[in-house]
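Some notes on the structure that comes next.
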Amino acid sequence: LEKEMMRTESLASLRMESAFRGSLFAEKLNQPLQITELCFRLFIGVMFFAAGALKVGDPAKFQQVILNYHLVPHVVAAAMAVYLPWLEMICAVALVLRKCYSGALAILSGLMVIFFIGYLQAIARGIDLSCGCFGKLSEGAPPWMIISRDVVFLASMGLLWFLETKNNSTNRKDF
Amino acid sequence: MLRKTCGNIIVLGLIAFVPAIVWGFLTPRPVSWEADALKEGEVRLADVLQSGEEILWIDARSESDFNKEHIPGAILLNEDRWDDLFMQFMASGRWRPGIKIVVYCGSSGCQASHAVAERLSKKSGIPNVWVLKGGCEAWKKK
């Protein structure tokens, strides 16, 4: 009985040791991914917070920018001009702090896709406009610059989605 | 994950509502909820035409847009080449004290007409400067 107990104990300690080594190894493997995720999270978060902050001070002007896309009626543009900058800023903070993370990422990705399609259709229809994405800072920016910047944002968000899906499948804790 | 994401979207959306509503009332630059509301310094095309006054039209768009089409008799004056164009404007002899100046750009969404009108009235001291609501689009719809 004593021998059996010793054997069980040694087996248990072996299992614990291997599990401990496994988790350390997994942690080491995950670290570069976590750092990459953090960098992209900060990049997207800071950009969207800045974009919201630059527009929030002048809702009247942002309303004109939205109207210039010729996509929504006047009242909807008014509501969007008041609401969207705050939504961008709050989602940006949530993204950086990793609170309500998937929701923040979904909202910002959705907004980004809508802005991008809106901008492309405006160019296709020959509407001369400033994208209004960064308030006064985006005025006069050539279309190729706005499109390239949006593509970079969309690619970064795609990467964050990929990492989030991967995290969910491995149940990694938040970084 | 989908359920959690939807829940998060609702929470964030509701959180953003609170400052948006408060700021909507407090902001010094509020949005206009009526489509036909005039902003400070704007005039409607119908009012301009009905007034019967002599109007000096100023086109605040780019030179290429001006060359494509413009309101008959309009003068090009934009911020891209302000110094040259302003000199030409003053030298043309079209402006005289008391004449009503109406500046326009592409549409209601562009800001160039407001910028040029402000520059004309505040920096150059020219009185009776207005901005055409709806810009060139309003003229085309006329």
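Chains as they are written, first to last, in my numbering: chain F, 20 to 194; chain B, 1150 to 1291.
No residue lacks a Cβ here, since even glycine has one placed at the ideal position from N, Cα and C.
Please work out which residues of its chain come closer than 8 Å, Cβ to Cβ, to residue i, disregarding the five sequence neighbours upstream and downstream, and give them in chain order.
i, result
"Leu-1194 (chain B)", "Leu-1281, Lys-1282, Gly-1283, Ala-1287, Trp-1288, Lys-1291"
"Leu-1163 (chain B)", "none"
In the structure shown, what three-state DSSP assignment does residue i receive?
i, result
"Leu-1198 (chain B)", "helix"
"Lys-1249 (chain B)", "strand"
"Ile-1170 (chain B)", "helix"
"Ile-54 (chain F)", "helix"
"Glu-23 (chain F)", "helix"
"Phe-44 (chain F)", "In this prediction, Phe-44 (chain F) scores a pLDDT of 48, lower than 50, which makes its location untrustworthy; the coordinate-derived value is nonetheless stated afterwards. If DSSP states are grouped into helix, strand and coil, Phe-44 (chain F) belongs with the helices."
"Val-1192 (chain B)", "strand"
"Trp-1288 (chain B)", "helix"
"His-1263 (chain B)", "helix"
"His-93 (chain F)", "helix"
"Trp-105 (chain F)", "helix"
"Ser-32 (chain F)", "helix"
"Val-171 (chain F)", "helix"
"Val-1180 (chain B)", "coil"
"Tyr-88 (chain F)", "coil"
Among the options, whose alpha-carbon lies nearest the alpha-carbon of residue i?
i, options, result
"Leu-179 (chain F)", "F:Leu-103, F:Gly-122, F:Val-75", "F:Gly-122"
"Val-132 (chain F)", "F:Trp-105, F:Asp-169, F:Pro-104, F:Ala-111", "F:Asp-169"
"Met-176 (chain F)", "F:Glu-28, F:Gly-64, F:Lys-22, F:Thr-27", "F:Gly-64"
"Val-84 (chain F)", "F:Val-101, F:Phe-68, F:Ala-69", "F:Val-101"
"Ala-79 (chain F)", "B:Asn-1157, B:Cys-1254, B:Gly-1247, B:Phe-1174", "B:Phe-1174"
"Leu-106 (chain F)", "F:Ala-125, F:His-93, F:His-89, F:Ala-143", "F:Ala-125"
"Lys-1272 (chain B)", "B:Lys-1188, B:Asp-1232, B:Gln-1237", "B:Asp-1232"
"Val-1160 (chain B)", "F:Lys-118, F:Gly-137, F:Phe-181, F:Ala-160", "F:Lys-118"
"Tyr-1253 (chain B)", "B:Cys-1155, B:Ser-1241, B:Arg-1245, B:Ala-1266", "B:Ala-1266"
"Ala-70 (chain F)", "F:Met-108, F:Arg-144, F:His-93, F:Glu-28", "F:Met-108"
"Asp-1167 (chain B)", "F:Asn-186, F:Leu-90, F:Val-94, F:Leu-103", "Correcting the residue type first, residue 1167 (chain B) is Val in the shown sequence and not Asp. Nearest of F:Asn-186, F:Leu-90, F:Val-94, F:Leu-103 to Val-1167 (chain B), Cα basis: F:Leu-103."
"Val-1223 (chain B)", "B:Thr-1176, B:Val-1171, B:Val-1251", "Note on residue identity: the sequence assigns Ala, not Val, to residue 1223 (chain B). Closest by alpha carbon: B:Val-1251."
For residue i, I'd like the list of residues in its chain whose CB is within less than 6 Å of its CB, leaving aside the five on either flank, ordered along the chain.
i, result
"Ala-31 (chain F)", "none"
"Lys-1249 (chain B)", "Glu-1202, Ile-1204, Asn-1277"
"Leu-1269 (chain B)", "Ile-1275, Val-1278"
"Ala-111 (chain F)", "Gly-64, Phe-67, Phe-68"
"Ala-113 (chain F)", "Cys-119, Ala-123"
What residues of chain F sit near residue i, judged by a beta carbon separation below 7 Å?
i, result
"Ser-1262 (chain B)", "Here the premise fails: no neighbours, minimum Cβ distance about 11 Å."
"Ala-1150 (chain B)", "Sequence check: residue 1150 (chain B) is Met here, not Ala. Those are Ser-121, Asn-187, listed as they occur along chain F."
"Ala-1165 (chain B)", "Tyr-102, Trp-105, Leu-106, Ile-109"
"Lys-1153 (chain B)", "Ser-121"
Can you pull the DSSP bridge partners for residue i?
i, result
"Trp-1279 (chain B)", "B:Val-1251"
"Leu-1205 (chain B)", "B:Ile-1250"
"Leu-1225 (chain B)", "B:Asp-1208"
Closer than 8 Å by beta-carbon distance: list the chain F residues that pair up with residue i, in chain order.
i, result
"Gly-1201 (chain B)", "The contacting residues do not exist; Gly-1201 (chain B) stays about 30 Å from chain F at best."
"Arg-1178 (chain B)", "Gly-76, Asp-77, Pro-78, Ala-79, Lys-80"
"Ala-1184 (chain B)", "Pro-92, His-93, Val-94"
"Ser-1273 (chain B)", "Ordered by position in chain F, no residue passes the 8 Å Cβ test against Ser-1273 (chain B), which lies about 22 Å from the chain."
"Ser-1213 (chain B)", "Under the 8 Å cutoff, chain F gives no residues; its nearest Cβ is about 10 Å from Ser-1213 (chain B)."
"Ser-1270 (chain B)", "Neighbours of Ser-1270 (chain B) on chain F: none; closest Cβ ~19 Å, over 8 Å."
Could you list which residues in chain B have their beta carbon closer than 8 Å to that of residue i, in chain order?
i, result
"Tyr-138 (chain F)", "Here the premise fails: no neighbours, minimum Cβ distance about 13 Å."
Using a Cβ cut-off of 9 Å, pull out every chain F residue sitting near residue i, in sequence order please.
i, result
"Ser-1181 (chain B)", "Ala-79, Gln-82, His-93, Ala-97"
"Trp-1172 (chain B)", "Val-75, Pro-78, Val-101, Pro-104, Trp-105"
"Ser-1241 (chain B)", "Near Ser-1241 (chain B) there are no residues of chain F at all, since even the closest Cβ is about 26 Å away, more than 9 Å."
Residue i touches chain B at which residues, Cβ-Cβ below 7 Å?
i, result
"Cys-110 (chain F)", "Leu-1161"
"Val-126 (chain F)", "The question names Val, but residue 126 (chain F) in the sequence shown is Ile. The answer, in chain order, is Ile-1158, Leu-1161."
"Ala-113 (chain F)", "Leu-1161"
Comparing the CB of residue i with every heavy atom of the ligand ATP, is any distance shorter than 8 Å?
i, result
"Ser-128 (chain F)", "In the structure shown, the ligand ATP is absent, as is every other ligand, since no ligand is present at all."
Here's a check: name, in chain order, each residue in its chain whose Cβ is nearer than 7 Å to the Cβ of residue i, leaving out the five neighbours to either side.
i, result
"Val-115 (chain F)", "Arg-60, Leu-61, Gly-64"
"Ala-96 (chain F)", "Gln-82, Ile-85, Leu-86"
"Phe-194 (chain F)", "With a pLDDT of 40 at Phe-194 (chain F), under the threshold of 50, the modelled position of this residue cannot be trusted; read the value that follows with caution. Correct list, in chain order: Gln-53, Glu-56, Leu-57."
"Leu-182 (chain F)", "Leu-52, Glu-56"
Spell out whether any CB of chain D is found under 9 Å from the CB atom of residue i.
i, result
"Ala-1169 (chain B)", "Absent from the structure: chain D. Protein chains present are F and B."
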